[in-house]
Structures are given as C-alpha cells and as structure tokens.
Amino acid sequence: MQLSHKLKKLLNPEVLRSARQHIGVVILTKRFVFALDKAIFQAIDREKFQAIYDRHAIEDPGDTWPKYLDLRRWIRTNLQRIRALDLDWGRRKRVLDIGSGAGYFLFICKWLGHEPLGLDIDELPMYGEMTQMLGIPRVIWRVKAFEPLPHFEHRFDLITAFMICFHGHKSQALWGPKEWEFFLDDLETRLKPGGRIALGFNRENDGAFYPEAVRQYFLQRDGEIDEQRVTFTPR
Numbered sequence: 039m040q041l042s043h044k045l046k047k048l049l050n051p052e053v054l055r056s057a058r059q060h061i062g063v064v065i066l067t068k069r070f071v072f073a074l075d076k077a078i079f080q081a082i083d084r085e086k087f088q089a090i091y092d093r094h095a096i097e098d099p100g101d102t103w104p105k106y107l108d109l110r111r112w113i114r115t116n117l118q119r120i121r122a123l124d125l126d127w128g129r130r131k132r133v134l135d136i137g138s139g140a141g142y143f144l145f146i147c148k149w150l151g152h153e154p155l156g157l158d159i160d161e162l163p164m165y166g167e168m169t170q171m172l173g174i175p176r177v178i179w180r181v182k183a184f185e186p187l188p189h190f191e192h193r194f195d196l197i198t199a200f201m202i203c204f205h206g207h208k209s210q211a212l213w214g215p216k217e218w219e220f221f222l223d224d225l226e227t228r229l230k231p232g233g234r235i236a237l238g239f240n241r242e243n244d245g246a247f248y249p250e251a252v253r254q255y256f257l258q259r260d261g262e263i264d265e266q267r268v269t270f271t272p273r
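My numbering applies: residue 39 is where the sequence shown begins, and numbers increase by one.
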C-alpha cells in the first residue's frame with residue numbers, strides 16, 4: 039500500500055471518529071480539521087432536518103430564532119467555537135452547554151467523541167425537535183439570578199454558554215457583579231478539577247458586551263477577556 043493511500047485512510051473522518059469512540063481520545067489535530075465541516079454535514083439526517091426546516095423556516099428570519107435553520111452558517115460558527123476551545127484535540131470531555139438552542143455545538147462535541155449535555159428552556163418547539171433529531175440530551179431549566187442550577191449526576195470538564203440572553207439581555211434587569219458572582223460560584227461547584235467555563239456575550243443596547251462594572255469583576259476573578267468571549271479556569 040502506498041504511503042499517500044495510507045495517510046488518506048488514516049485521516050478519513052470516519053476512521054478518526056471510530057478511533058475516538060474506541061480509545062476515548064480526540065485525535066484530530068488542527069492541521070486536519072478542514073475535513074470536519076463536510077463530515078459534520080454528512081452526519082446530519084438531511085430528511086429529518088428538511089422536515090424541521092419545512093415546519094419552521096421563514097423567508098427572511100433576520101435576528102429571530104428561525105435563523106438557526108441556516109445549517110451551513112451555524113455548523114461553521116460552532117466549528118470555530120470547537121477549535122477555539124481546543125475540543126478538536128485531547129481527551130474525551132464532559133461538556134455542559136447552557137442555552138444550548140438548536141444543539142449544533144453539542145452535536146459536533148458528540149461527533150468528536152465528547153459527552154454532551156444541553157440546558158435550556160422549552161419555549162421553542164424547533165429547538166426541542168432539533169436536539170432530539172441530533173441525539174443531544176437536554177435538561178429543561180430556566181436560569182435565574184441568585185438561583186443555583188439543578189443537580190447533575192456528574193461534574194463537567196467544560197461549561198459553555200454562547201450568545202447569552204439569560205442574564206437580562208437588553209433589559210433593565212441586566213445582571214451586575216453580584217448576580218455573576220453567584221452564578222459563577224455555582225458553576226465552579228459543577229466543574230471537575232482543572233475544568234473551564236467559557237462564556238460568549240451579545241451586544242447590549244449601548245453597544246457594549248457587558249457593563250464596565252461586570253468587566254472589572256470578570257478581571258478581578260481572573261477571567262480571560264477577548265471582546266465578547268470570557269473564559270475562567272478556576273484554580
């Protein structure tokens with residue numbers, strides 16, 4: 039067998055996926071991640087997705103929830119998140135995604151061999167249909183200020199929340215440092231040793247991602263801030 043053929047076989051996404059499932063290690067490196075988008079698209083049941091699309095899609099969704107039916111856009115967006123969090127390399131991780139929405143991020147995590155769990159409210163039927171179709175387990179829960187999350191059977195290596203809205207986004211009830219302190223303290227109790235918290239924010243009415251007082255609190259808590267992204271690695 040020629041070397042080029044051996045390398046092609048070794049880097050085949052399905053071969054890599056099988057290896058991950060058997061040895062518990064994500065063996066894709068960033069050099070080979072270019073093949074992921076095609077493999078992820080192929081892994082989604084297109085007939086079932088089309089049925090969901092036909093029920094919920096609208097012609098011009100703008101910034102409303104049907105925008106998440108743009109499959110290619112959101113798979114690629116979530117692949118970028120996967121790469122930024124180094125989930126395409128390393129050992130299998132248990133991942134909790136708060137506000138899991140349509141479930142694309144966790145679906146890619148699952149495909150890579152990680153153990154995903156979503157947490158979200160149950161107000162949009164499309165999200166429930168999508169997560170069920172993608173095979174993503176989900177806890178129904180509304181995040182509220184000064185209230186802990188529900189009990190989980192396991193601790194997590196990574197807790198994420200992208201495009202956060204549960205903190206009073208664009209409202210008079212926008213969380214301040216005290217609300218974030220309670221929330222982050224609670225999240226830390228759900229982490230394994232060495233675990234991480236990764237948050238992603240939307241812009242508020244003033245164009246900022248969070249009030250200055252909240253930004254200062256994140257820094258005080260040793261958060262790594264990169265515009266809308268904030269990451270915590272508790273010691």
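All C-beta atoms, glycine included, are put in the ideal place defined by N, C-alpha and C.
Just so you know, these numbers come straight off a predicted model, no measurement behind them.
Residue i, buried or exposed, once every other Cβ within 10 Å from all chains shown has been counted against 16
| i | result |
| --- | --- |
| Ala236 | buried |
| Phe190 | exposed |
| Leu257 | exposed |
| Asn243 | exposed |
| Arg110 | exposed |
| Arg132 | buried |
| Gly139 | buried |
Which of helix, strand or coil DSSP assigns to residue i
| i | result |
| --- | --- |
| Ala199 | strand |
| Leu225 | helix |
| Val252 | helix |
| Gly123 | Here residue 123 turns out to be Leu, not Gly, going by the sequence shown. Of the three classes helix, strand and coil, the one that applies to Leu123 here is coil, per DSSP. |
| Glu85 | helix |
| Glu153 | strand |
| Arg193 | coil |
| Ile159 | coil |
| Lys131 | coil |
Cutoff 6 Å; reference residue i; Cβ partners in own chain excluding five residues on either side
| i | result |
| --- | --- |
| Ile179 | Reading off the sequence shown, one finds Trp at residue 179, where the question assumed Ile. Answer for Trp179: Leu157 and Pro188, listed in chain order. |
| Phe184 | Phe220 |
| Leu172 | Gly141 and Phe145 |
| Pro104 | His94, Ala95 and Ile96 |
CB-CB length for residue i against residue j, believed under 8 Å
| i | j | result |
| --- | --- | --- |
| Ile197 | Arg228 | 6 Å |
| Phe79 | Ile120 | No, Phe79 and Ile120 are not in contact; Cβ-Cβ is about 15 Å, not under 8 Å. |
| Pro154 | Ile174 | 6 Å |
7 Å CB neighbourhood of residue i in its chain, flanking five on each side removed
| i | result |
| --- | --- |
| Glu226 | Pro272 |
| Leu107 | Tyr91, His94 and Ala95 |
Cβ shell of residue i (< 8 Å), same chain only, five flanking positions each side left out
| i | result |
| --- | --- |
| Val252 | Trp213, Gly214, Pro215 and Trp218 |
For this session: Could you tell me whether the segment 235 to 250 touches the segment 262 to 269, where touching means 3 or more Cβ pairs closer than 8 Å?
Result: Note that the segment 235 to 250 touches the segment 262 to 269; at least 3 beta-carbon pairs, one per stretch, sit closer than 8 Å.
Problem set entry | At least three beta-carbon pairs within less than 8 Å, the segment 100 to 118 to the segment 201 to 210 | A contact between stretches requires three or more CB pairs, one per stretch, nearer than 8 Å, and the segment 100 to 118 fails this requirement with the segment 201 to 210.
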